[in-house]
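In terms of this note's numbering, the sequence shown has 934 at position 188, counting the first letter as 1, and numbering is strictly consecutive. The beta-carbon is built from N, C-alpha and C at its ideal position, and this holds for glycine as well. Presented below is the structure to which this report refers.
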Amino acid sequence: MGNGNGKIKYKFLFVSHETLSGDLAWKIQNEGHEVRCWIEEVTDEYDGFLEKVEGNWKDHVDWADVVIFDDTGFGKEADALRKAGKAVVGGSEYTDKLEMNREFGQSEMKRLGMLTLPSWDFSNYDDAIKFITENPGRYVFKPSGKVSSDWSGFLLLGKEEDGKDLLEILDSNKKVLSKNIKHFQLQKHVSGVEVGASAFFNGEKFITPVLVCFEHKRLFPGELGPMTGEMGSSMFWSEPNVLFRDTTGKMEGDLRKAKYVGYIDINCIVNGRGVYPLEFTCRFGYPTINIQQEGILSEWGEFLRAIANNEDFYLRAKRGFQIGVVIVTPPFPYDDPWETEMHKDISILFRKPYMEGVHISDIKIVDNVWRTAGHSGYHLIITGSGATMEEARRQAYGRIENIMLVNMIYRTDIGATWYEDSDRLRSWGYLDQVSWPLSSQTSDTLK
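Spelled out as structure tokens, the structure:
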């Protein structure tokens, strides 16, 4: 069946724990395909945008041409569907374990010859406190295992070289932390530029170009305030480079063995001594997947259908840079019933009818007006692109000026650290080996 543009119309079933991938589903729907979304925890999010189905998601599998799992925790089901011949994007038991079990993820990195940092896993806070006391040093605290989305991005970064600041924080908060984070890891801290190296995998090989991404995880500009998961990112697409080859690229054989199809990222710290991989993301990133839509010229429905069927795909990407800025309202990043009620059903208005670079999260349509929905306070991602990072920033922030939302919060410095970060990456020799996507009809090195 066609979709009005001379192309075949496919049926996509999105399976989610929570409201994460609605923007991608909306994008694919707008390309002319049919979309259904099964979301385990949902209220009014996406009302008016997407068809949400209830009951058991497995009842809709036969209807779908492609099943998309947008989070970890569905690996066993994804493997079973692939074995039965279904086209599936996202999820495998192996990749779930890579992301959810930090100890296993680190052991796989070591096995494949990546330059890993020392790390220690704990399930007892007193043991961790004793360890820091006996082994003074600067560490990073990270949750491990299955953690709720509210706590998955919770990190504690020690700043004192003897570790006393982190020790005191753990000691004074261990009762609260132990209720929400049962398993965690202490990782040796190293200074450098934090960067992600990632790509899509079609069950057989990586699809190029690859992505280089810089995340901004804290709520306020200047990396101040609580960890949020992510408040925005800057990125660029390139042909495979040393950042990718030394990390994510080494996973190809094991991903093929697992028959994994989907997106995979390894977050790293880079300095003059090498590339240190930190952790896996074996699913779409948020808001990474929203910002990727700014840089990818190919149709997403065709692309995801192709890789779900283990087909090669000519992924067309822009040269230059893209950024994305997350727009939230209170109580984000916390749960507060009073603030949630206060900001419920608030209108999202546009000064001009210009929707380029506007990506949805927890919102709905009521009487043709966009309104806030859900209880998270996470509502929009605004993207921009340009030949330089500053051009991308100007476009994204110019688009934000078109939006009217009461008490909206966003960071004003997404992409602003590129000037310093790029100087350091260039001085260490990493940018000399980066070239723009061949699909953009140029192989000039990054400037």
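query = Three or more C-beta pairs closer than 8 Å, one from the stretch 1075 to 1087 and one from the stretch 1128 to 1148: is that the case here?
reply = no
task = For the stretch 1130 to 1165, list the beta strand (DSSP E) runs that are entirely contained and at least 3 residues long, ordered along the chain.
result = none
ask   = Which value, in whole angstroms, describes the spacing of the CA atoms of residue 1034 and residue 908?
value = Position 288 of the sequence shown, counting from 1, holds the residue named residue 1034. Position 162 of the sequence shown, counting from 1, holds the residue named residue 908. Their Cα atoms are separated by approximately 35 Å.
key: Runs of alpha helix (DSSP H) lying entirely within the stretch 1033 to 1064, each at least 4 residues, in chain order   = 1034 to 1041 and 1046 to 1054
request  = Compare the C-alpha of residue 805 against each of 760, 825, 778 and 789 and name the closest.
outcome  = To locate residue 805, count along the sequence shown from 1; it is residue 59. With distances taken between Cα atoms, residue 805 lies closest to 760.
message = Can you tell me whether residue 1189 is buried or exposed? The criterion is at least 16 other CB atoms within 10 Å of its CB, across all chains shown.
response = Translated into positions along the sequence shown, residue 1189 becomes position 443. Caution applies to residue 1189, whose pLDDT of 42 falls short of 50 and renders its modelled position unreliable; the model cannot decide the point.
task = Measure from the alpha carbon of residue 1012 to the alpha carbon of each residue in 991, 999, 1002 and 1006, then state which is nearest.
result = By one-based count along the sequence shown, residue 1012 stands at place 266. Nearest of 991, 999, 1002 and 1006 to residue 1012, Cα basis: 991.
inquiry  = DSSP three-state label for residue 981, please.
reply    = What you label residue 981 is simply residue 235 of the sequence shown in a count that begins at 1. Of the three classes helix, strand and coil, the one that applies to residue 981 here is strand, per DSSP.
query = With burial defined as no fewer than 16 other Cβ atoms inside 10 Å of the residue's Cβ, what is the status of residue 956: buried or exposed?
reply = On the sequence shown, position 210 is the one that residue 956 refers to. Counting Cβ neighbours within 10 Å, residue 956 comes out buried, since at least 16 surround it.
request  = Have a look at the DSSP bridge pairing and note the partners of residue 1110.
outcome  = Residue mapping note: residue 1110 aligns to position 364 of the sequence shown, counting from 1. 1117, per the DSSP bridge assignment.
key: Top-ranked residue by Cα proximity to residue 1147, from 1096, 1174, 1161 and 1183   = The sequence position of residue 1147 within the sequence shown is 401, counting from 1. Minimum Cα distance to residue 1147 is reached at 1096.
Runs of alpha helix (DSSP H) wholly within the stretch 896 to 949 (minimum 4 residues, chain order) = 910 to 926
key: Unbroken alpha helix (DSSP H) run spanning residue 843, endpoints   = Sequence index remark: in the sequence shown, residue 843 carries index 97 (1-based). Run containing residue 843: 839 to 846, per the alpha helix (DSSP H) assignment.
Beta-ladder partner(s) of residue 890, from DSSP = As a working note, residue 890 is residue 144 in the sequence shown. Paired residue(s): 929.
inquiry  = I'd like to know if the stretch 940 to 955 and the stretch 971 to 990 are in contact, where contact means that at least 3 CB-CB pairs between them fall below 8 Å.
reply    = yes
query = Distance, Cα to Cα, residue 1193 vs residue 1021?
reply = Reading the sequence shown from its first residue, position 447 is the one you call residue 1193. Reading the sequence shown from its first residue, position 275 is the one you call residue 1021. Unreliable placement is indicated for residue 1193, whose pLDDT of 49 sits below 50; no coordinate value is reported for it.
Cutoff 7 Å; reference residue 1052; Cβ partners in own chain excluding five residues on either side = Position 306 of the sequence shown, counted from the start, is the residue given in the question as residue 1052. 1059.
task = Go ahead and pull the three-state DSSP assignment for residue 770.
result = Residue numbering aside, residue 770 sits at position 24 when the sequence shown is read from its first letter. Correct three-state label for residue 770: helix.
query = Based on Cα-Cα distance, which residue from 797, 925 and 1018 lies nearest to residue 1195?
reply = Nothing about residue 1195 can be reported from this structure: the residues present for the chain run from 747 to 1193 only.
Sequence-distant residues of the same chain with beta carbon closer than 6 Å to residue 1108, five excluded per side = For the purposes of this step, residue 1108 is taken as residue 362 along the sequence shown, with counting starting at 1. Cβ within range, chain order: 765, 791, 1119, 1120, 1122, 1124 and 1125.
ask   = For the stretch 1157 to 1177 against the stretch 1028 to 1046, are there 3 or more C-beta pairs whose distance is under 8 Å?
value = no
query = What residues in its chain sit with their C-beta under 6 Å from that of residue 1049, if we drop five residues either side in the sequence?
reply = As a position in the sequence shown, residue 1049 is number 303, starting the count at 1. Within the same chain, residue 1049 has close Cβ partners 1059.
query = What does residue 1003 pair with, by DSSP beta-bridge criteria?
reply = Stepping through the sequence shown from its first residue, residue 1003 is reached at position 257. Beta-bridge pairing links residue 1003 to no other residue.
query = Cβ of residue 1004 within 9 Å of Cβ of residue 841?
reply = The residue you call residue 1004 lines up with position 258 of the sequence shown. The residue you call residue 841 lines up with position 95 of the sequence shown. Yes; because the gap between Cβ atoms is below 9 Å, this pair is in contact.
message = Considering only DSSP beta bridges, list what residue 762 is partnered with.
response = The residue given as residue 762 occupies position 16 in the sequence shown. Residue 762 is bridged to 785.
request  = Within its chain, find whatever has a CB closer than 8 Å to the CB of residue 827; leave out the 5 residues flanking it on each side and keep chain order.
outcome  = The residue you call residue 827 lines up with position 81 of the sequence shown. Once the five neighbours on either side are set aside, the close Cβ partners of residue 827 are 807, 813 and 834.
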